[in-house]
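Q: Here the sequence shown is numbered in the working numbering, starting from 1 and rising by one per residue.
Built from N, CA and C at the ideal position, the CB exists for glycine as well.
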Amino acid sequence: MTNATDPFSASIIPFEVPEQVRAFAEKGVSQARDNYAKFKDAAETHNSTIEAVFTSASKGVSAYTAKLMEFVKANTTANLDFAQDLLAIKSPSEAMELWTSHARKAFETLSAQTKELVELTQKVAAETAEPIKQNAAKYYKPAA
Numbered sequence: 001m002t003n004a005t006d007p008f009s010a011s012i013i014p015f016e017v018p019e020q021v022r023a024f025a026e027k028g029v030s031q032a033r034d035n036y037a038k039f040k041d042a043a044e045t046h047n048s049t050i051e052a053v054f055t056s057a058s059k060g061v062s063a064y065t066a067k068l069m070e071f072v073k074a075n076t077t078a079n080l081d082f083a084q085d086l087l088a089i090k091s092p093s094e095a096m097e098l099w100t101s102h103a104r105k106a107f108e109t110l111s112a113q114t115k116e117l118v119e120l121t122q123k124v125a126a127e128t129a130e131p132i133k134q135n136a137a138k139y140y141k142p143a144a
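As structure tokens, this is what we get:
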């Protein structure tokens, strides 16, 4: 038997959602799905951008390290050659001439190596920033 005062009784008329409320709710769900899809696409795009940045940075660091090791090897060889030449010196004037010559060459080499490292650093920085610039160009128009 059903009790008439029981709110869970089967004799109560079921509640119907008005059409306007249903349409509003469906529109809200549709907008939420669209926004989620846009957010997901943006997140995937940003993830690929971050991966490209780290890949580029990693390659740049490897190139920089290789260049440093090349310079260390060249400088060490030059210093060992200088030390060997010093052992063959017979007079103080020869020593001074050799020392001066070595110092001049070392300074020139250091200047050239520094310039090369600066250029490499600028190249790596530009290559690392490129994926960020490309991604930003998708969202922002350049200023006129």
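One question on the structure: do residue 63 and residue 120 come within less than 9 angstroms of each other, judged by their Cβ atoms?
A: Reading the sequence shown from its first residue, position 63 is the one you call residue 63. Reading the sequence shown from its first residue, position 120 is the one you call residue 120. Yes, Cβ-Cβ distance for residue 63 and residue 120 is below 9 angstroms.
Q: Please classify residue 128 as buried or exposed, where buried requires at least 16 other C-beta atoms within 10 Å of its C-beta.
A: The residue labelled residue 128 in the question sits at position 128 within the sequence shown. Result: buried.
Q: Output the distance between the C-alpha atoms of residue 126 and residue 26, rounded to the nearest integer angstrom.
A: As a first step, residue 126 must be located in the sequence shown, where it is residue number 126. As a first step, residue 26 must be located in the sequence shown, where it is residue number 26. Between residue 126 and residue 26, the C-alpha separation is close to 47 angstroms.
Q: If you draw a straight line from the C-alpha of residue 98 to the C-alpha of residue 86, how long is it?
A: Your numbering for residue 98 matches position 98 in the sequence shown. Your numbering for residue 86 matches position 86 in the sequence shown. Distance between the alpha carbons of residue 98 and residue 86: 8 angstroms.
Q: Helix or strand or just coil, what does DSSP make of residue 18?
A: What you label residue 18 is simply residue 18 of the sequence shown in a count that begins at 1. Of the three classes helix, strand and coil, the one that applies to residue 18 here is coil, per DSSP.
Q: What I want to know is whether the C-beta of residue 41 ends up closer than 8 angstroms to one or more non-hydrogen atoms of the ligand ATP.
A: Looking at this structure, you won't find the ligand ATP or any other ligand, since it has none at all.
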